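J.: Using my numbering, you'd call the opening residue of the sequence shown number 37 and step up by one each time.
Glycine is no exception: its CB is placed at the ideal position from the N, C-alpha and C atoms.
Source: prediction; values computed, not measured.
Mind having a look at this structure? Questions to follow.
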Amino acid sequence: AKAVVRDVGRVLGLPYGFVDSIAKLIPFELGITLDKALAD
């Protein structure tokens, strides 16, 4: 999920630091979905 957030941020042209701070909010859990990350 973290990689997806970073990829989307790159495609949208958002600053890396901003996208990275959002990606760091996602818990480190193998195979976590964005829905589950939002629920946590």
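If you follow the alpha helix (DSSP H) that residue 72 is part of, which residue opens it and which one closes it?
T.: Unbroken alpha helix (DSSP H) run through residue 72: 70-75.
J.: Can you tell me whether DSSP reads residue 59 as helix, strand or coil?
T.: The answer is helix: DSSP assigns residue 59 an H, G or I state.
J.: Mapping DSSP to helix, strand and coil, what is residue 50?
T.: Looking at residue 50 - three-state DSSP - the assignment turns out to be coil, as it is neither helix nor strand.
J.: What does a CB cutoff of less than 6 Å around residue 45 pick up in its chain, not counting 5 residues either side in sequence?
T.: Answer for residue 45: 55, listed in chain order.
J.: Taking the straight line between their C-alpha atoms, what separation do you get for residue 63 and residue 72?
T.: Cα-Cα distance, rounded: 10 Å.
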